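Colleague:
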Amino acid sequence: MKILILGGTEEARELAGRLVAMGHEVVTSLAGRTSEPLMPAGKVRIGGFGGAEALGTFLRREKFDRVLDATHPYAVQMHTNAVLGAEMANLRLVRFLRQPWQEPPDVSWVQFTSDETAAETLPQDAHVFLTVGQKQLATYLERRDCRFLVRSIEPLERPLPGHATHIVGRPPFYPGGEAELMERFGITHLVTKNSGGVQTEAKLQAAQQRGIEVYMILRPELAPAYEVHTVGQAIAALRLAIAA
Ligand code: NAP
2 MKILILGGTE EARELAGRLV AMGHEVVTSL AGRTSEPLMP AGKVRIGGFG GAEALGTFLR
62 REKFDRVLDA THPYAVQMHT NAVLGAEMAN LRLVRFLRQP WQEPPDVSWV QFTSDETAAE
122 TLPQDAHVFL TVGQKQLATY LERRDCRFLV RSIEPLERPL PGHATHIVGR PPFYPGGEAE
182 LMERFGITHL VTKNSGGVQT EAKLQAAQQR GIEVYMILRP ELAPAYEVHT VGQAIAALRL
242 AIAA
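91 is the number that my numbering gives to position 90 of the sequence shown; each next residue is one higher, with no gaps.
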């Protein structure tokens with residue numbers, strides 16, 4: 002089978018390795034946001050397609066048999082394009098989404114459906130550890146009565162104002178290091194997406210240990226698609242699709 006994997010996640014890379022080892026022809030597509038990304042097995046193409054219709058045309062022209070959307074749970078536009086593009090090319094789409102983190106029984110996260118509401122809710126003088134990605138930064142930085150520690154995988158596109166400090170960091174992160182960082186910056190609030198997975202989970206453990214309030218930005222609603230939550234399920238779903 003010729004399979005297009007929409008990637009940008011650790012599991013997309015793992016799926017590429019497994020599918021190549023099974024003898025499939027695999028092309029992974031990356032958005033191109035990360036410099037020096039870890040390369041998956043098989044072929045790789047980098048950069049946007051130019052929208053859903055262009056993705057549909059690409060899938061047809063390149064004669065793909067299946068499309069596996071393994072982009073990040075918060076990559077809403079790409080998830081939408083995957084549904085429309087696969088429909089146009091008359092291909093079965095499998096969407097891999099890793100399981101979200103669960104609130105521990107003895108801790109309450111404050112949950113938000115938007116960054117705007119989370120930013121508005123922060124109390125005055127909060128010291129905030131922001132791990133929400135570059136697109137959402139401006140919303141929080143409007144709160145000049147708070148201080149921010151911003152961590153991103155890539156250097157920032159523009160310098161931060163005086164009430165924010167930036168650090169670059171690539172996962173995996175570990176509880177000890179996360180707790181030390183939170184202590185050093187006097188963090189009172191952690192703002193995070195519910196990305197799930199083990200690579201960035203340590204910040205939640207460290208926050209819990211230090212009694213830091215967690216603001217969780219809930220996952221966005223996505224267009225309906227055949228959804229799986231483990232790498233094994235994704236492979237099984239693609240195999241089922243062969244017989245379909
Ligand atoms: P997005 O807002 O959903 O997508 C914006 C545009 O980027 C898409 O319309 C598409 O351009 C292009 N794009 C996104 N993923 C692509 C892929 N795998 N291959 C080719 N083009 C892609 O996505 P995003 O939130 O900016 O995320 C970009 C990438 O970073 C994704 O691949 C995602 O898996 C990864 N990532 C995102 C997050 C996050 O929090 N959002 C976290 C970790 C990793 P065209 O319309 O031109 O095709």
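Yeah, the Cβ is synthetic: ideal placement off N, Cα and C, and Gly gets one too.
From a predicted model like this one, the values you see are computed outputs, not experimental measurements.
Considering only residues of the same chain and omitting the five flanking positions on each side of Gly-18, which have a CB-CB separation below 7 Å?
Modeller: Only Pro-41 and Ala-42 meet the Cβ criterion.
Colleague: Can you list, in chain order, the residues of its chain whose CB lies under 8 Å from that of Ile-236, leaving out five sequence neighbours each side?
Modeller: Excluding residues within five positions, the ones whose Cβ falls inside 8 Å are Leu-16, Arg-19, Leu-20 and Met-23.
Colleague: Could you check if Ser-115 is buried or exposed, using at least 16 other CB atoms within 10 Å of its CB as the buried criterion?
Modeller: Exposed: under 16 other Cβ atoms inside 10 Å.
Colleague: Taking the alpha helix (DSSP H) that Lys-204 belongs to, which residues open and close that run?
Modeller: Looking at the DSSP string, the run of the alpha helix (DSSP H) that includes Lys-204 is 203–211.
Colleague: Does the beta carbon of Pro-105 come closer than 8 Å to any beta carbon on chain B?
Modeller: The question asks about chain B, but that chain is absent: this structure has only one protein chain.
Colleague: Is Ala-224 helix, strand or coil when you go by DSSP?
Modeller: In the structure shown, Ala-224 sits in coil (DSSP, three-state: anything other than H, G, I, E or B).
Colleague: Are the beta-carbon atoms of Gln-200 and Pro-173 separated by less than 8 Å?
Modeller: Yes.
Colleague: Under 8 Å between the Cβ atoms of Thr-193 and Val-215?
Modeller: Yes; because the gap between Cβ atoms is below 8 Å, this pair is in contact.
Colleague: Helix, strand or coil: which one does DSSP assign to Ala-71?
Modeller: In the structure shown, Ala-71 sits in coil (DSSP, three-state: anything other than H, G, I, E or B).
Colleague: Take Leu-161 and list the residues in its own chain whose beta-carbon comes closer than 6 Å to its own, dropping the five residues that flank it on each side.
Modeller: Correct list, in chain order: His-167.
Colleague: Alpha carbons only, please: which of Glu-104, Thr-140 and Leu-150 is nearest the one belonging to His-128?
Modeller: His-128 has its Cα closest to that of Leu-150, out of Glu-104, Thr-140 and Leu-150.
Colleague: Compute the Euclidean distance between the alpha carbons of Thr-81 and Arg-220, then round it to the nearest angstrom.
Modeller: Approximately 14 Å, taken between the alpha carbons.
Colleague: Could you tell me the alpha carbon to alpha carbon distance between Leu-205 and Tyr-175, rounded to whole angstroms?
Modeller: Spanning the two alpha carbons is a distance of roughly 10 Å.
Colleague: If you reduce the DSSP assignment to three classes, tell me which class Val-151 lands in.
Modeller: Reduced to three states, the DSSP call for Val-151 is strand.
Colleague: Decide yes or no for the touch test of the region 140–157 against the region 80–94: beta carbon pairs closer than 8 Å, at least 3 of them.
Modeller: Touching, no, given that fewer than three Cβ pairs across the two stretches are closer than 8 Å.
Colleague: Could you check where the beta strand (DSSP E) with Val-21 kicks off and where it finishes?
Modeller: Element bounds for Val-21: not the beta strand (DSSP E) but the alpha helix (DSSP H), 11–22.
Colleague: Please determine whether the Cβ atom of Arg-99 lies at a distance below 7 Å from any heavy atom of ligand 1.
Modeller: It does not: the Cβ of Arg-99 is nowhere closer than 7 Å to a heavy atom of ligand 1.
Colleague: Take Thr-35 and list the residues in its own chain whose beta-carbon comes closer than 7 Å to its own, dropping the five residues that flank it on each side.
Modeller: Hits under 7 Å: Ile-154 and Glu-155.
Colleague: Would the beta-carbon of Leu-69 fall within 8 Å of that of Leu-239?
Modeller: Cβ atoms of Leu-69 and Leu-239: closer than 8 Å.
Colleague: Taking the alpha-carbon positions, what's the Ile-243 to Arg-14 distance?
Modeller: Because Ile-243 sits at a pLDDT of 47, beneath the cut-off of 50, its placement in the model cannot be relied upon, and the following sentence gives the value as read from the coordinates. Answer to the nearest angstrom: the Cα atoms are 22 Å apart.
Colleague: Roughly how many whole angstroms lie between the Cα atoms of Ala-245 and Met-79?
Modeller: The predicted position of Ala-245 is uncertain, since its pLDDT is 43 and thus under 50; a value taken from the coordinates is nonetheless stated next. The alpha-carbon atoms of Ala-245 and Met-79 are separated by roughly 25 Å.
Colleague: Looking at the structure shown, is Thr-140 part of a helix, part of a strand, or coil, going by DSSP?
Modeller: Correct three-state label for Thr-140: helix.
Colleague: Are the CB atoms of Ile-218 and Ile-188 within a distance shorter than 8 Å?
Modeller: The answer is no: Cβ separation not under 8 Å.
Colleague: Should Gln-112 be labelled buried (16 or more other beta-carbon atoms within 10 Å of its own) or exposed?
Modeller: Exposed.
Colleague: Would you decide whether Ile-47 is buried or exposed? Buried here means 16 or more other CB atoms lie within 10 Å of its CB.
Modeller: Exposed: under 16 other Cβ atoms inside 10 Å.
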